[in-house]
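Novice:
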Amino acid sequence: MPAPEHRFSLTIEDSPYAFQVLAFDGTEGISRPYAFTIDLVSECADPDLEQLLHKQAFLAFDGMESGIHGQIYQVRQRDSGRRLTHYSVTLAPHFSYLAHRTNQRIFQSLTVPQIISLVLKDHGIFESAHQFRLNTCYLPREYCVQYQETDLHFIQRLCEEEGMHFHFQHSRKSHVLVFGDNQSIFRKLARATAYHQDSGIAADEPVVRSFGTRLETRTSHTEGGTRLLQAFGPGINDFVHWVKSTAHAISIGQVARIVNSPAVQNSGRPGPNGRAAAQYPEYPQLPESGRCA
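Mapping of the sequence shown onto full-length UniProt numbering: position 281 corresponds to residue 281, and the numbering continues sequentially without gaps.
1) Tell me where the beta strand (DSSP E) around Asp39 begins and ends.
2) DSSP on Tyr97, reduced to helix/strand/coil?
3) Assuming Ser9 is part of the beta strand (DSSP E), what are its boundary residues?
4) Which of the three DSSP states, helix, strand or coil, is assigned to His221?
5) If you compare alpha carbons, which of Ile155, Tyr147, Lys173 is closest to Ser66?
6) What is the DSSP secondary structure of Asp25, reduced to helix, strand or coil?
7) Within 10 Å of its beta-carbon, does Tyr195 have 16 or more other beta-carbons around it, so buried, or fewer, so exposed?
8) Straight-line CA distance for Val119 to Leu84?
9) Have a look at residue 294 and Arg82 and give me their C-alpha separation to the nearest angstrom.
10) For Ala60, count the other beta carbons within 10 Å of its own beta carbon; 16 or more makes it buried, fewer makes it exposed. Which is it?
11) The alpha helix (DSSP H) spanning Arg32 covers which residue range?
12) Would you kindly work out how many angstroms separate the C-alpha atoms of Thr193 and Thr27, rounded to a whole number?
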């Protein structure tokens, strides 16, 4: 008998282990990281799971160039049979790792695309891994504050404020983060995907089987800026006042990082010897006056 044809395959970069794809389930949307969980089997019963974590991998569809590229964000070993052991891995973009870092900093005299590029560079996502395809010319912001936000949420917020969006484009070797502000940046499908109502019969080609409708509660409007600031904690008003009073002291293009001392963290307000300080990665720390030395 001929060997069975595998419609889906997973290739893990620099990995000695061979896996076969049983099934996968994933979500992908505009302006959010994707995540695909893949069920696998292998004859290897004792792989080095830590060695697999963060590896680049490509989930191929039908042996074609189309598929999902990402990093192994999660790996799990499940039950073992006589010959095969079951595993599951989750593929996610490098961009997902931005959710694990929370920052407090000020960006001075930079455009939103420049700010986003600096944040991505901090995580090793360089120009080869992200693109801006924008029709609008974005003006520099006098100052832009990131306060107790993850880097992921910070970028999402900036995109929402400017009317920008992002998505990912995949190849066998990499995935690229693409920012845009119009619909023309999206690739056109090579061919249409047919709709076949689910009948329980396996299709010979990719098809859409069902559509669904979902309603969700959303915020309709916001008001009361002071009330919103209080949600961050009692120290936010002092922080905003400090930002406004010292923003002019930061040179054009510089980034100040805000560091909370124990006095700030415990009381919510700066203490006599625990003032919030601004630190520069490449410049001297701001003195107590708030101006550069």
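Where is the CB? At the ideal position from N, CA and C, for every residue including glycine.
Specialist: Based on what the coordinates show:
1) Here the question's residue 39 lines up with position 39 in the sequence shown. In the DSSP annotation of this structure, the continuous segment of the beta strand (DSSP E) that includes Asp39 starts and ends at 35-42.
2) By 1-based counting over the sequence shown, the position of residue 97 is 97. Reduced to three states, the DSSP call for Tyr97 is helix.
3) In the sequence shown, the residue the question calls residue 9 occupies position 9. Here the beta strand (DSSP E) through Ser9 covers 8-12.
4) Indexing the sequence shown from 1 puts residue 221 at position 221. Here His221 carries a coil assignment [DSSP, helix/strand/coil].
5) Mapped onto the sequence shown, residue 66 falls at position 66. Of the candidates Ile155, Tyr147, Lys173, the one whose C-alpha sits nearest the C-alpha of Ser66 is Lys173.
6) One-based indexing of the sequence shown puts residue 25 at position 25. Secondary structure of Asp25 (DSSP, three-state): strand.
7) Reading the sequence shown from its first residue, position 195 is the one you call residue 195. Under this definition Tyr195 is an exposed residue.
8) Position 119 of the sequence shown, counting from 1, holds the residue named residue 119. Position 84 of the sequence shown, counting from 1, holds the residue named residue 84. Their Cα atoms are separated by approximately 43 Å.
9) Nothing can be reported for residue 294, as the shown portion of the chain is limited to 1 through 293.
10) Your numbering for residue 60 matches position 60 in the sequence shown. Buried is the call here.
11) If you number the sequence shown from 1, residue 32 lands on position 32. For Arg32, no alpha helix (DSSP H) run applies, since DSSP gives it neither H nor E.
12) Counting from 1 along the sequence shown, the entry for residue 193 is found at position 193. Counting from 1 along the sequence shown, the entry for residue 27 is found at position 27. As the crow flies, the alpha-carbon of Thr193 is around 18 Å from that of Thr27.
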